[in-house]
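Structure record follows, encoded as structure tokens.
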């Protein structure tokens with residue numbers, strides 16, 4: 130589903146991502162972990178062709194990331210997600226559906242389903258400028274789910290959310306697990322990752338430190354937080 | 003991917019660009035001010051004007067006033083178009099629409115093309131509506147249909163395309179306000195240069211030249227730059243000549259239009275190239 134082969138991203142003398150290789154299989158819930166500035170968001174941006182790697186190859190759904198067709202079945206929620214404040218949540222979802230070339234009736238059906246899924250019935254018609262951060266995040270996640278994507282890329286989906294908001298996003302992601310969706314999660318919240326992900330990779334200073342099943346990474350009753358600190362601090 | 007599949011997201015992005023701009027309060031205010039200005043000009047059509055002691059005919063007055071109004075609208079809409087265009091990429095970026103669109107199976111050229119078409123259609127509509135008011139008032143005053151106004155309006159739309167493409171390109175390379183000022187400087191340069199050129203070829207200038215004096219060398223920096231400078235003023239003069247049915251030398255008539263079309267193509271190509279290599283943040 131996702132394949133990174135010796136990917137390097139160089140910004141002048143700084144290697145934001147350095148010879149990273151890993152793959153994520155279909156149906157897997159994968160977490161990319163790392164401290165701030167480790168290169169997690171750069172990897173996500175390269176996967177979506179927002180920035181090009183200096184060297185190496187990335188592919189999504191079997192196609193190179195530079196081919197826009199590889200994003201046909203991909204849903205994406207950006208870090209610090211924004212929605213134009215003049216739009217309502219409903220208009221935003223409808224735009225996202227239309228951009229996927231859906232017919233008007235299909236787009237409306239999908240948006241209704243999504244509004245229900247994210248629990249925003251009754252608020253979808255009001256302008257985004259009146260929404261809380263959590264509501265914007267929910268609509269962002271809803272927009273990523275439009276078109277029933279096979280792969281969901283979530284960059285810090287719980288950033289800025291309160292514990293209730295974090296729990297709601299986690300429950301939503303857990304409910305999607307039995308639909309066979311592949312999830313690529315970029316997060317700092319290790320406790321949440323431990324609860325929902327099957328596989329994790331830890332990255333620091335652009336280098337991949339480990340990539341394995343979470344159950345394999347955790348040894349002798351360790352928590353993911355302890356493992357993370359052990360790897361990052363060397 | 004066939005043509006209709008490729009064009010579908012382009013047209014959608016163009017539609018969103020257009021509707022987003024129209025929803026802005028600044029757009030509504032600007033449009034209202036422009037429409038009021040055009041309506042206020044209505045009073046000038048009924049005046050009695052004396053030139054060299056001779057009273058001008060009603061037809062001459064209507065044609066002259068409507069031509070001046072036409073030129074002011076065409077130049078003013080260029081300024082407004084530059085204002086609309088300069089913030090488009092930045093706003094899309096800050097409001098998350100750029101990442102939202104480009105995370106879908108949409109190529110960057112489709113996104114840029116949608117933005118260009120949306121802004122161009124919006125500014126052309128803006129100009130055509132204002133020109134139509136002039137056209138309507140002039141036609142009513144002369145009791146004859148003056149379709150040449152709309153043809154002239156179409157000609158001026160190429161200037162708007164130039165402004166859209168150049169401001170979008172420059173806004174990727176520098177601060178928005180600097181991009182706006184650069185394009186305005188190009189426009190002002192074009193009008194000033196054409197004015198100086200017209201003046202230097204006028205009868206007064208010819209008469210002021212000393213008899214027997216050798217004309218100065220033409221190979222100055224400006225005489226090299228002048229022919230290749232964007233001919234925004236030239237296109238407006240061409241449009242104006244359509245209205246007044248003035249005789250326009252054949253080569254001069256088409257050159258400004260060709261110049262602007264070539265600039266649009268070249269700057270458009272640079273815009274697609276530059277945006278293609280941009281990092282999306």
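Protein chains in written order, with the numbering used here: chain G, 130 to 363; chain S, 3 to 283.
All C-beta atoms in this analysis are idealised placements derived from N, C-alpha and C, irrespective of residue type, glycine included.
Note that the structure is a prediction, hence the values are computed from the model and not measured.
Option in the options with minimal Cα separation from residue i
i, options, result
"residue 196 of chain G", "S/106, S/50 and S/83", "S/106"
"residue 172 of chain S", "S/55, S/225, S/275 and S/119", "S/275"
"residue 303 of chain G", "G/186, G/158 and G/248", "G/158"
"residue 326 of chain G", "G/160, G/205 and G/139", "G/160"
"residue 341 of chain G", "G/328, G/308 and G/350", "G/328"
"residue 350 of chain S", "S/156, S/91, S/110 and S/108", "Residue 350 of chain S falls outside the range modelled here, since chain S spans only 3 to 283, and no answer is possible."
"residue 289 of chain G", "G/266, G/280 and G/306", "G/266"
"residue 186 of chain G", "G/323, G/147, G/360 and G/291", "G/147"
"residue 12 of chain S", "S/74, S/27 and S/116", "S/116"
"residue 9 of chain S", "G/260, G/149, G/229 and G/140", "G/229"
Boundaries of the alpha helix (DSSP H) in which residue i is found, first to last residue
i, result
"residue 266 of chain G", "262-274"
"residue 341 of chain G", "No alpha helix (DSSP H) contains residue 341 of chain G, which is instead part of the beta strand (DSSP E) from 336-342."
"residue 191 of chain G", "It is not in any alpha helix (DSSP H) - residue 191 of chain G carries neither H nor E in the DSSP assignment."
"residue 113 of chain S", "110-144"
"residue 328 of chain G", "Counting along the chain, residue 328 of chain G falls outside any alpha helix (DSSP H), though it belongs to the beta strand (DSSP E) covering 328-333."
"residue 69 of chain S", "60-88"
"residue 324 of chain G", "319-325"
"residue 8 of chain S", "5-25"
"residue 299 of chain G", "292-306"
"residue 184 of chain S", "178-202"
"residue 1 of chain S", "Nothing in the structure corresponds to residue 1 of chain S, since chain S is present only between 3 and 283."
"residue 359 of chain G", "353-361"
Residue i: first and last residue of the uninterrupted beta strand (DSSP E) it sits in
i, result
"residue 247 of chain G", "First-last for residue 247 of chain G: undefined, no H or E at that position."
"residue 364 of chain G", "What is shown of chain G runs 130 to 363, which leaves residue 364 of chain G out entirely."
"residue 147 of chain S", "Per DSSP, residue 147 of chain S belongs to no beta strand (DSSP E) and is neither H nor E."
"residue 162 of chain G", "158-162"
One or two residues paired with residue i in a DSSP bridge
i, result
"residue 283 of chain G", "G/206 and G/314"
"residue 217 of chain G", "G/256"
"residue 229 of chain G", "Paired residues: none, contrary to the question."
"residue 133 of chain G", "G/151 and G/187"
"residue 100 of chain S", "In the DSSP output, where bridge partners are listed per residue, residue 100 of chain S has none listed."
"residue 140 of chain G", "G/143"
"residue 56 of chain S", "S/53"
Nonlocal neighbours in the same chain, by C-beta distance under 6 Å from residue i, ignoring five residues either side
i, result
"residue 239 of chain G", "226 and 275"
"residue 76 of chain S", "158 and 238"
"residue 228 of chain S", "195"
Contacts around residue i, its chain only, beta-carbon distance under 8 Å, and the 5 residues preceding and following it disregarded
i, result
"residue 319 of chain G", "162, 352, 353, 354 and 357"
"residue 250 of chain G", "244"
"residue 257 of chain S", "233 and 236"
Residues near residue i in its chain [Cβ-Cβ closer than 7 Å; skip 5 each side]
i, result
"residue 232 of chain S", "164, 188, 192, 261, 262 and 265"
"residue 169 of chain G", "161, 163, 315 and 332"
"residue 339 of chain G", "330, 331, 346 and 360"
Are the region 72-85 of chain S and the region 115-132 of chain S touching, with three or more C-beta to C-beta distances below 8 Å?
-> Between the region 72-85 of chain S and the region 115-132 of chain S there are three or more inter-stretch CB-CB distances shorter than 8 Å, so the stretches are counted as touching.
Is the region 68-81 of chain S close to the region 124-138 of chain S, with three or more CB pairs under 8 Å?
-> Using a Cβ-Cβ distance cut-off of 8 Å, the region 68-81 of chain S and the region 124-138 of chain S are in contact, since at least three pairs of beta carbons, one from each stretch, lie closer than that value.
Can you find at least 3 beta carbon pairs, one from the region 258-277 of chain S and one from the region 153-167 of chain S, that sit closer than 8 Å?
-> Judged by Cβ distances under 8 Å, the region 258-277 of chain S makes contact with the region 153-167 of chain S, as three or more pairs qualify.
For the region 169-177 of chain G against the region 46-65 of chain S, are there 3 or more C-beta pairs whose distance is under 8 Å?
-> Counting Cβ pairs under 8 Å, fewer than three are found: no touch.
Are the region 271-291 of chain G and the region 132-139 of chain G in contact at 8 Å, needing three or more beta carbon pairs?
-> Output reads no: the region 132-139 of chain G does not touch the region 271-291 of chain G.
Report yes or no: do the region 253-273 of chain G and the region 199-214 of chain G share at least 3 C-beta pairs separated by less than 8 Å?
-> The region 253-273 of chain G is in contact with the region 199-214 of chain G.
Does the pairing of the region 99-115 of chain S with the region 196-210 of chain S give three or more beta-carbon distances under 8 Å?
-> No contact exists between the region 99-115 of chain S and the region 196-210 of chain S.
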